[in-house]
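Colleague: Below is the structure I would like to discuss, written out as structure tokens.
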Amino acid sequence: METVSDVRTDSASIPAVEKRERAKPASTRIWNFLISVKLAIWIIIVLAVTSILGTVIEQNQPPEKYHQVYEDWAYNLLDRFNLFDMYHSWWFLLLLCLFTINLTCCTIDRLPRVIRTVRKPKSILDEATEKSLSLTERWKSKGDIPRRMEDYKAALAREFAAPKVTEADGVVHLYAEKGVYSRFGAYATHAGIVIVFIGAILGNVFGFKSYVNIPDGKEASHLDARGGKEHIDLPFSVRNNRFWLETYPDGTPKKYASDLSVMENGREVLRKTITVNDPLAYKGVWFYQSSYGQEDGATAQVAVSRQDGTPVRNLSLVPNEPVRIDGYGVVRGVNYEQDFQGKGPALQVVVEKPGRPASDLWILQGRPDLDRVRKDSLVFSFEGLTAKMYTGLQVAKDPGVNVVWLGCLLLTAGMMVSFFVSHTRIWIRLSPGLHGKMEVTAAGSANRNRSAFEKTFASVLAAVRKDTSNTDKENPA
Amino acid sequence: MNTLNVQLFDLTTLLFGGASGTFIAAMYGKKETLARIGTWICVAAAIVSTAALGVRWVESYKMGIGRIPVTNLYESLVFFAWSVNLFYLFVEWKYKDRSFGAFVIPIAFLTMVFAFTNESGIQPLVPALQSYWLHAHVITCFVGYAAFAVSAGVAVMYLLKARQEKAKAKDGIVARFPSSKVLDDLVYRAIIWGFPFLTAGIITGAAWANYAWGTYWSWDPKETWSLIVWLVYAAFLHARITRGWHGRRAAILSIVGFLSTVMCYLGVNLVLSGLHSYGG
Numbered sequence: 001m002e003t004v005s006d007v008r009t010d011s012a013s014i015p016a017v018e019k020r021e022r023a024k025p026a027s028t029r030i031w032n033f034l035i036s037v038k039l040a041i042w043i044i045i046v047l048a049v050t051s052i053l054g055t056v057i058e059q060n061q062p063p064e065k066y067h068q069v070y071e072d073w074a075y076n077l078l079d080r081f082n083l084f085d086m087y088h089s090w091w092f093l094l095l096l097c098l099f100t101i102n103l104t105c106c107t108i109d110r111l112p113r114v115i116r117t118v119r120k121p122k123s124i125l126d127e128a129t130e131k132s133l134s135l136t137e138r139w140k141s142k143g144d145i146p147r148r149m150e151d152y153k154a155a156l157a158r159e160f161a162a163p164k165v166t167e168a169d170g171v172v173h174l175y176a177e178k179g180v181y182s183r184f185g186a187y188a189t190h191a192g193i194v195i196v197f198i199g200a201i202l203g204n205v206f207g208f209k210s211y212v213n214i215p216d217g218k219e220a221s222h223l224d225a226r227g228g229k230e231h232i233d234l235p236f237s238v239r240n241n242r243f244w245l246e247t248y249p250d251g252t253p254k255k256y257a258s259d260l261s262v263m264e265n266g267r268e269v270l271r272k273t274i275t276v277n278d279p280l281a282y283k284g285v286w287f288y289q290s291s292y293g294q295e296d297g298a299t300a301q302v303a304v305s306r307q308d309g310t311p312v313r314n315l316s317l318v319p320n321e322p323v324r325i326d327g328y329g330v331v332r333g334v335n336y337e338q339d340f341q342g343k344g345p346a347l348q349v350v351v352e353k354p355g356r357p358a359s360d361l362w363i364l365q366g367r368p369d370l371d372r373v374r375k376d377s378l379v380f381s382f383e384g385l386t387a388k389m390y391t392g393l394q395v396a397k398d399p400g401v402n403v404v405w406l407g408c409l410l411l412t413a414g415m416m417v418s419f420f421v422s423h424t425r426i427w428i429r430l431s432p433g434l435h436g437k438m439e440v441t442a443a444g445s446a447n448r449n450r451s452a453f454e455k456t457f458a459s460v461l462a463a464v465r466k467d468t469s470n471t472d473k474e475n476p477a
Numbered sequence: 001m002n003t004l005n006v007q008l009f010d011l012t013t014l015l016f017g018g019a020s021g022t023f024i025a026a027m028y029g030k031k032e033t034l035a036r037i038g039t040w041i042c043v044a045a046a047i048v049s050t051a052a053l054g055v056r057w058v059e060s061y062k063m064g065i066g067r068i069p070v071t072n073l074y075e076s077l078v079f080f081a082w083s084v085n086l087f088y089l090f091v092e093w094k095y096k097d098r099s100f101g102a103f104v105i106p107i108a109f110l111t112m113v114f115a116f117t118n119e120s121g122i123q124p125l126v127p128a129l130q131s132y133w134l135h136a137h138v139i140t141c142f143v144g145y146a147a148f149a150v151s152a153g154v155a156v157m158y159l160l161k162a163r164q165e166k167a168k169a170k171d172g173i174v175a176r177f178p179s180s181k182v183l184d185d186l187v188y189r190a191i192i193w194g195f196p197f198l199t200a201g202i203i204t205g206a207a208w209a210n211y212a213w214g215t216y217w218s219w220d221p222k223e224t225w226s227l228i229v230w231l232v233y234a235a236f237l238h239a240r241i242t243r244g245w246h247g248r249r250a251a252i253l254s255i256v257g258f259l260s261t262v263m264c265y266l267g268v269n270l271v272l273s274g275l276h277s278y279g280g
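These protein sequences, in sequence, are chains P and W.
Once you know that position 374 of the first sequence is 374 in the numbering used here, the rest is easy, because the numbers rise by one and skip nothing.
Once you know that position 128 of the second sequence is 128 in the numbering used here, the rest is easy, because the numbers rise by one and skip nothing.
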């Protein structure tokens, strides 16, 4: 059986405790309520049951979506109890607070007691202790106590752990223990949970989560924060040099990647290609590859040349955005057709020259010379549309996250210790017996895995008896 | 024509079916020899399924999409059955008792049958799953699930045994079970193995989510259900350790815990929507 008898003291004979409870002042009663395991179990059950609601009711959806699913009365009822964002509702946070208070109070109540028993262990095997222990063994031995004591001490140290020796009224008590730190396992776990909560609060108060779309070649330093908070301006900016995606032969996505540069005071200070599981971090702000897309309104690539064919410049025309060509006029791309009169992709361009009415023309992709027939000073040829990609970045700053990991580590370590390490203790009492003989009484206890300890206890004692009987022969009294 | 790994998994399914049948027959017929055969079939199933996992891993590399075979519903089911079987063999070896087989191995068998009805092809990994965290996350979770499955199987045995002991009856199959004290202890022990693994599974999942999306906890249905499972077993441990809940109540809690585990593992994917890909 692996029960922890020592923690049980607070719950033994519950009816009697409750009777006594009524006689106590209110403050004591409130305290006893806050430190009770009963409360802990109730909070755990209520947390578990209410958490189910938020998995059945979709969270944080727009109201229209809920109205499609629920009748008005149901909508109003669910909304009243914040069930559309229940994990951030006042009542759920209140439950978590109560849970934290309960954990903290349990620790305040019990930890000092544990520290006391660990620092001042019961190192004397008196009669009351002996009676309370189920594992005991007695035998008689030769020799007088002061001389034999060293043998037993050495044997116990060799076979189990170095004992503490206490002498009282001619009786010698040896006390040895192992795994005493397992007594702190549960407290480490509970502290770990509280630390995780603290980390989460730190992250919520001092951090932010945001999202930004950056087109290829553009940079951004201005983020829209989520949850109604105002926007965030980073002290640096991030440039998306290029976003791309790769697919497997069957077309499923293989890789989403963005080549990012961190720009500070106009200089590139860091460059990294991020992918979905490989973010970029700079000054505590993390950028995660989260989505991508094509920018609205692709740009049309138009090459401009003179009649004799010498190139002048290349234009990137955004729909309806005028582009000025010095000494010529203003050009706008206004329309695009995938298949213009059966001749393939074409772009409609409006040309405005000073002092003349605007003229418009269609230029065909793949027919660069066609525009020559216009006999204008400049010739336009359409080289195709380029849809600009943008990368969608999740941006987060969470100064509490390492606190959360610390809590998790403590929680797990504490759990392992409290499940798998047993605090085992062995007492040996040497007391004077009849006819110059010595009476030896041994006792043992373990706070968990008792059946395994029974075997350890038996083998340790057998070895101690063997060790000490050897010395009997070597040094006959 | 299925690839070699799927054929091996199909063979594993047959072996689990054979072992389940043998264990149940041994229980009814009170034949120790049959139960011993059941054990050997389980050992064979362990070898075949381990080989199948290895072959599947190699095949994925040959397809140019090499990755650990625990990334979709089919793979997670066979991996779960694999874990349950190994955990069972460990318990049987440790307790030197074969009567558990009839209650635990059918869980592995039914899981494999369910896997059989699912798409078994090797699909490439989507970008979100391409992480080393995947290994740590999936393995810890499934060892935890397997331990909870064993605990629940033993809890059912406990309930049957305790009822018989109360009636002071001494016949039938149940009489051949280990004593209710041993069963009660095993219900607890399987949970104290499963609980740290589940905890590690939740933490590695959170660490992974934080590394991929910048949020370690987003109250996604899968996350929430894993927390619910965690809370149920936390309640079990507190009730048992500090309030002395043993026997019947502990066994029922263990079964409730496993039902919520099944909900977390399968229910969330089949019924609710969320971030976890398998089961679509």
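Where a beta carbon is used, it is the ideal one built from N, C-alpha and C, also for glycine.
Quick caveat, the model's predicted, so the values are computed rather than measured.
What residues from chain W crowd round lysine 254(P), counting only those whose CB sits closer than 9 Å?
Modeller: Chain W residues near lysine 254(P): Ile65, Pro124, Leu125, Val126, Pro127 and Gln130.
Colleague: Which of the three DSSP states is assigned to tyrosine 278(W) in this structure?
Modeller: For tyrosine 278(W), the pLDDT reaches just 45, beneath the cut-off of 50, and the residue's location in the model is therefore unreliable, although a value from the coordinates is still provided. Coil.
Colleague: According to DSSP, is leucine 125(W) part of a helix, a strand, or is it coil?
Modeller: Note: leucine 125(W) maps to coil in three-state DSSP.
Colleague: Note down, in chain order, every chain W residue with its Cβ under 8 Å from the Cβ of tyrosine 288(P).
Modeller: Under the 8 Å cutoff, chain W gives Ala212, Trp213 and Gly214.
Colleague: For phenylalanine 453(P) and lysine 209(P), what's the separation of their Cα atoms in angstroms?
Modeller: Rounded to whole angstroms, phenylalanine 453(P) to lysine 209(P) spans 52 Å at the Cα level.
Colleague: Does DSSP put threonine 3(W) in a helix, a strand or coil?
Modeller: Of the three classes helix, strand and coil, the one that applies to threonine 3(W) here is coil, per DSSP.
Colleague: Is there a Cβ of chain P sitting closer than 9 Å to that of isoleucine 203(W), yes or no?
Modeller: True, the Cβ-Cβ gap to chain P drops below 9 Å.
Colleague: So, with DSSP's three-state summary, where would you put lysine 281(W)?
Modeller: With chain W represented from 1 up to 280, any question about residue 281(W) goes unanswered, as that position is not in the structure.
Colleague: How long is the line joining the alpha carbons of valine 334(P) and phenylalanine 243(P), rounded to whole angstroms?
Modeller: Distance between the alpha carbons of valine 334(P) and phenylalanine 243(P) is about 27 Å.
Colleague: If you draw a straight line from the C-alpha of alanine 190(W) to the C-alpha of threonine 412(P), how long is it?
Modeller: Cα to Cα, alanine 190(W) sits roughly 17 Å from threonine 412(P).
Colleague: Which residue's Cα is closest to the Cα of serine 422(P): Asn277(P), Ile35(P), Asn76(P) and Ala186(P)?
Modeller: For the residues Asn277(P), Ile35(P), Asn76(P) and Ala186(P), the minimum Cα distance to serine 422(P) belongs to Ala186(P).
Colleague: Counting only beta-carbon separations shorter than 9 Å, does threonine 468(P) have a partner in chain W?
Modeller: Threonine 468(P) does not count as touching chain W.
Colleague: Could you give the C-beta distance for lysine 140(P) and glutamate 439(P), rounded to a whole number, given that I count them as a contact under 8 Å?
Modeller: That belief holds up - the Cβ atoms of lysine 140(P) and glutamate 439(P) are roughly 6 Å apart, short of 8 Å.
Colleague: Which one of Gly170(P), Phe287(P), Asn213(P) and Val304(P) has the shortest CA to CA distance from threonine 215(W)?
Modeller: It is Phe287(P).
Colleague: Near valine 312(P), what residues of its chain come up, given a Cβ to Cβ distance below 8 Å and the 5 sequence neighbours on each side ignored?
Modeller: The residues are Val304, Ser305, Arg306, Ile325 and Leu378.
Colleague: Taking just the CA atoms, how far does alanine 235(W) sit from asparagine 204(P)?
Modeller: The straight-line gap from Cα to Cα measures roughly 28 Å.
Colleague: Between the beta-carbon of phenylalanine 99(P) and the beta-carbon of alanine 40(P), is there less than 9 Å?
Modeller: Yes. Within cutoff.
Colleague: Taking all protein chains shown into account, do 16 or more other C-beta atoms lie within 10 angstroms of the C-beta of arginine 243(W), making it buried, or fewer, making it exposed?
Modeller: With 16 or more Cβ atoms within 10 Å of its Cβ, arginine 243(W) is classed as buried.
Colleague: So which residues of chain P does histidine 238(W) contact, with C-beta pairs closer than 9 Å?
Modeller: Near histidine 238(W) (Cβ distances below 9 Å), the residues of chain P are Val37, Ala40, Ile41 and Ile44.
Colleague: Quick one: is leucine 270(W) buried, meaning 16 or more other Cβ sit within 10 Å of its Cβ, or exposed?
Modeller: With fewer than 16 Cβ atoms within 10 Å of its Cβ, leucine 270(W) is classed as exposed.
Colleague: Note down, one range per segment and in chain order, each alpha helix (DSSP H) of at least 4 residues found wholly within the region 89-141 of chain W.
Modeller: Whole alpha helix (DSSP H) segments, 4+ residues: 101-116.
Colleague: Would you call the region 76-89 of chain W in contact with the region 101-121 of chain W, where contact means no fewer than 3 C-beta pairs closer than 8 Å?
Modeller: Taking 8 Å as the limit for Cβ pairs, the verdict is that the region 101-121 of chain W does touch the region 76-89 of chain W.
Colleague: Answer yes or no: does any C-beta atom of chain W fall closer than 9 Å to that of valine 4(P)?
Modeller: Bear in mind that a pLDDT of 40 at valine 4(P), under 50, signals an unreliable position, so the model cannot answer this.
Colleague: Using only the alpha-carbon positions, how far apart do phenylalanine 103(W) and leucine 89(W) sit?
Modeller: Cα to Cα, phenylalanine 103(W) sits roughly 13 Å from leucine 89(W).
Colleague: Mapping DSSP to helix, strand and coil, what is valine 256(W)?
Modeller: DSSP places valine 256(W) in helix when its eight states are reduced to three.
Colleague: Could you check whether the region 426-441 of chain P touches the region 396-405 of chain P, counting it as contact only if at least three pairs of C-beta atoms, one from each stretch, sit closer than 8 Å?
Modeller: No, they do not touch.
Colleague: Just checking, does the region 52-65 of chain W make contact with the region 456-471 of chain P on the three C-beta pairs under 8 Å criterion?
Modeller: Counting Cβ pairs under 8 Å, fewer than three are found: no touch.
Colleague: What three-state label does DSSP hand lysine 178(P) in the structure shown?
Modeller: Strand, per DSSP.
Colleague: Cβ atoms of leucine 317(P) and proline 345(P): under 9 Å apart, would you say?
Modeller: Not closer than 9 Å, so no.
Colleague: In three-state terms, what does DSSP make of tyrosine 390(P)?
Modeller: Strand.
Colleague: Are phenylalanine 45(W) and alanine 35(W) touching if we call contact CB-CB under 9 Å?
Modeller: Strictly speaking, residue 45(W) in this sequence is alanine, with phenylalanine absent from that position. It is not a contact, given that the beta carbons lie outside the stated cut-off.
Colleague: May I have the straight-line CA-CA distance separating histidine 190(P) from proline 112(P), to the nearest angstrom?
Modeller: Rounded to the nearest angstrom, the two C-alpha atoms are 15 Å apart.
Colleague: Could you round the C-beta distance between leucine 410(P) and isoleucine 195(P) to whole angstroms and report it? I think they count as a contact, below 8 Å.
Modeller: Indeed, because the Cβ distance is near 6 Å, the residues count as touching under 8 Å.
Colleague: Closer than 9 Å by beta-carbon distance: list the chain W residues that pair up with alanine 462(P), in chain order.
Modeller: Those within 9 Å of alanine 462(P) in chain W number zero; the least Cβ separation is about 24 Å.
Colleague: Closest Cβ-Cβ distance between asparagine 277(P) and chain W: below 9 Å?
Modeller: Yes, because at least one Cβ of chain W sits closer than 9 Å to the Cβ of asparagine 277(P).
Colleague: For valine 43(W), which option in Pro178(W), Pro221(W) and Phe16(W) has the closest C-alpha, if you only look at C-alpha atoms?
Modeller: When each option's Cα is compared against that of valine 43(W), the closest is Phe16(W).
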